[in-house]
Amino acid sequence: MKTLLASAVLLLAPLAAHAACAPTDFAIQDFKVAASGAGMGTRMMMKGQVVNHCAEAAAAQITIAAKDANGNVIQEKKGWPAGTTNIAPGQTVDFDLGRLFRYSSDMATYTVSIASVRTW
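As structure tokens, this is what we get:
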């Protein structure tokens, strides 16, 4: 019985890593997209800020989607702006995830959202 209980605790331990915070407890501010350079050397910049409005420290994963003029997703990437560091309540973290994208002249619009939340 003790072995069964210990196994259950170890099995459920990873679930404790998820924050009591939800994606709606985080906000994205001042998101801007720009491209610099030309041709194969074009570098994307996708800058903004993530703000933690949750009552506890947690981390937010964001999703950025690049869409064509018809609204079709061309590229979509996820990233953790604060890495494996929790963001304190009320704290803002700057990010630039442009390095994850390859420039395409078809990119017309961009969306950014909070994909998930966890504690490290």
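Taking mature numbering (1 follows the signal peptide of the UniProt record, and there is no 0), I'd label the letters of the sequence shown as residues -19 to -1, 1 to 101. Positions of the beta carbon are idealized from the N, C-alpha and C atoms, including for glycine. Treat the numbers as computed from the prediction; the structure is a model and nothing was measured.
Check whether the region 6 to 18 touches the region 52 to 61, taking contact to mean three or more Cβ pairs, one atom from each stretch, closer than 8 Å. no
Tell me the residue span of the beta strand (DSSP E) that contains M26. As a position in the sequence shown, residue 26 is number 45, starting the count at 1. Segment R24 to N33, the beta strand (DSSP E) holding M26.
Which partner residues of Q10 appear in the DSSP bridge assignment? Position 29 of the sequence shown, counted from the first residue, corresponds to residue 10. Q10 is bridged to Q30.
Looking at V93: is its Cβ nearer than 8 Å to the Cβ of F12? Sequence index remark: in the sequence shown, residue 93 carries index 112 (1-based). Sequence index remark: in the sequence shown, residue 12 carries index 31 (1-based). It is a contact, given that the beta carbons lie within the stated cut-off.
State yes or no: is the C-beta of A36 within less than 8 Å of the C-beta of V98? Position 55 of the sequence shown, counted from the first residue, corresponds to residue 36. Position 117 of the sequence shown, counted from the first residue, corresponds to residue 98. No, the Cβ-Cβ distance between A36 and V98 is not below 8 Å.
Starting from the C-beta of G71, find all residues in its chain whose C-beta is less than 8 Å away, skip the five residues before and the five after it, and write them out in chain order. To locate residue 71, count along the sequence shown from 1; it is residue 90. Closer than 8 Å at the Cβ level, and outside the excluded window around G71, lie V32, N33 and H34.
Quick check on A99: does DSSP put it in helix, strand or coil? The residue given as residue 99 occupies position 118 in the sequence shown. At residue 99 the sequence reads Arg, which differs from the Ala that was named. Residue state, collapsed to three classes: strand.
Could you check the C-alpha separation between I43 and C2 for me, to the nearest Å? Translated into the one-based positions of the sequence shown, residue 43 becomes position 62. Translated into the one-based positions of the sequence shown, residue 2 becomes position 21. Going from the Cα of I43 to the Cα of C2 covers about 15 Å.
For W61, is the classification buried or exposed, using 16 other Cβ atoms within 10 angstroms of its Cβ as the cut-off for buried? The residue you call residue 61 lines up with position 80 of the sequence shown. Flag for W61 reads buried.
W101 versus I45: straight-line alpha-carbon distance, rounded: As a first step, residue 101 must be located in the sequence shown, where it is residue number 120. As a first step, residue 45 must be located in the sequence shown, where it is residue number 64. Each residue's alpha carbon lies about 22 Å from the other.
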